[in-house]
Amino acid sequence: MMRPIVMIPARMQASRLPGKPLADIGGEPMIVHVWRRAMAAGIGEVVVATDSEEIAAVVRAAGGRAQMTRADHPSGSDRIHEAITAIDPEGRFDVIVNVQGDLPLISPAAIRAVFGAIDQPDIALGTLVAHIEREEERTASQVVKMVGSQTAPGRFRCLYFTRATAPWGDGPLWHHIGLYAWRRAALERFVALPPSPLELREKLEQLRALEAGMRIEAVAVDDVPLGVDTPADLERARDLHGKGMG
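One gets the numbering used here by counting positions in the sequence shown from 1 and adding 14 to each.
As structure tokens, this is what we get:
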């Protein structure tokens, strides 16, 4: 039996949209929307890991749990590692589902799906992908592609992640969604490793795990959840929320 916990890293100093976890969407801060959807997934306890007392305060006011962390973490993976070490030093939780704090419209079903991607003991981490439908996304560098071997319908063994158009030739391309379910031991190993050459070249953190020989599995979901990185993304999230979408 796995003992999972869901953790949501959130920081105030986003370069393109400072303070975005507190951005209002339909009368509630964005981080509260993410927390509610993570709770609705029904995987286990949900904790927001943050360097901001303001973020912690709104999460607690909504009935959630927040854990303070240092402000100088280079990634969300480092932040959740500090948080889980503080919350659970005895190691009761052995799987950590990392839900990004800028996905206010993420579906609870997608969060459950990423948890399901870590169903074998030799899988270090699970993640999500979605089929690329739009032609312009096949060549867009901001759309990260997963190259993998399909092991079952909608299930893949991840071989590489890239901003290039890959693999070559006819066939589907898969958009990687940055949601992860970590074996705790794998997370501890990952944050202790230096950034890897391919990670630095592609600017993709997950390549560090692959270069270290960690097994990554992906599960396909129907849609790519809207990530809020810019003011335009925020307006779109507000519009979709107002329409009851997402």
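Glycine is no exception: its CB is placed at the ideal position from the N, C-alpha and C atoms. Because the structure is a prediction, the values reported are computed rather than measured.
Same chain only: Cβ atoms within 6 Å of residue i, ignoring 5 sequence neighbours per side
i       : result
Asp-243 : Arg-30
Gln-164 : Phe-170
Ala-138 : Arg-197, Ala-200, Met-228, Arg-229
His-87  : Arg-93
Gly-41  : none
Ala-76  : Val-46
Close-in-space but distant-in-sequence residues of the same chain around residue i (CB under 8 Å, 5 per side omitted)
i       : result
Phe-175 : Val-158, Lys-159, Met-160, Val-161, His-190, Glu-216, Leu-218, Gln-220, Leu-221, Leu-224
Ser-210 : Leu-221, Arg-222, Glu-225, Ala-226
Val-205 : Ser-91, Asp-92, His-95
Leu-207 : Arg-222, Ala-226
Met-16  : Asp-108, Val-109, Ile-132
Arg-262 : In this structure the chain extends from 15 to 260, so residue 262 is not present and cannot be described.
Glu-202 : His-95
Gly-168 : Val-233, Ala-234
Gln-36  : According to the sequence as given, residue 36 is Leu; it is not Gln. Hits under 8 Å: Met-26, Pro-43, Met-44, Ile-45, Glu-68, Ile-69, Val-72.
Member of the options whose CA lies at the smallest distance from the CA of residue i
i       : options                           : result
Val-143 : Glu-231, Arg-197, Asp-92, Trp-196 : Glu-231
Glu-67  : Val-60, Arg-84, Ile-57            : Arg-84
Gly-146 : Leu-139, Ala-154, Gly-140         : Per the sequence shown, residue 146 should be read as Ile rather than Gly. When only C-alpha atoms are compared, the closest one is Ala-154.
Asp-108 : Pro-122, Ala-195, Val-46          : Ala-195
Leu-187 : Pro-43, Arg-152, Gln-156, Pro-167 : Arg-152
Pro-18  : Glu-249, Gly-140, Glu-149         : Gly-140
Ile-101 : Met-21, Leu-240, Leu-193, Glu-249 : Met-21
Backbone secondary structure at residue i - three-state DSSP
i       : result
Leu-36  : helix
Phe-107 : coil
Met-160 : strand
Lys-124 : One detail in the question is off: residue 124 reads as Ala in this sequence, not Lys. Of the three classes helix, strand and coil, the one that applies to Ala-124 here is helix, per DSSP.
Ala-234 : strand
Trp-49  : helix
Pro-81  : One point to set straight first is that residue 81 is Gln, not Pro, in the sequence displayed. Correct three-state label for Gln-81: strand.
Arg-171 : strand
Thr-64  : strand
His-145 : strand
Glu-219 : coil
Leu-31  : coil
Leu-139 : strand
Ala-131 : coil
Val-72  : helix
Burial state of residue i (16 or more Cβ within 10 Å)
i       : result
Lys-34  : buried
Arg-79  : exposed
Trp-182 : exposed
Glu-213 : buried
Gln-81  : buried
Ala-63  : buried
Asp-65  : buried
Pro-23  : buried
Ala-178 : exposed
Asp-184 : exposed
Ala-265 : The chain is shown from 15 up to 260; residue 265 falls before or after that span and cannot be answered.
Gly-115 : buried
Ala-124 : buried
Residues near residue i by beta carbon distance below 7 Å, same chain, minus five either side
i       : result
Ser-89  : Glu-219
Val-238 : Ala-144, His-189, Ile-191
Ile-39  : His-47, Pro-118, Ala-251, Arg-252, His-255
Met-32  : According to the sequence shown, residue 32 is Pro rather than Met. Hits under 7 Å: Met-26.
Met-53  : Val-60
Taking the runs of the alpha helix (DSSP H) that are 4 residues or longer, which of them lie wholly in the stretch 181-217?
198-206, 211-216
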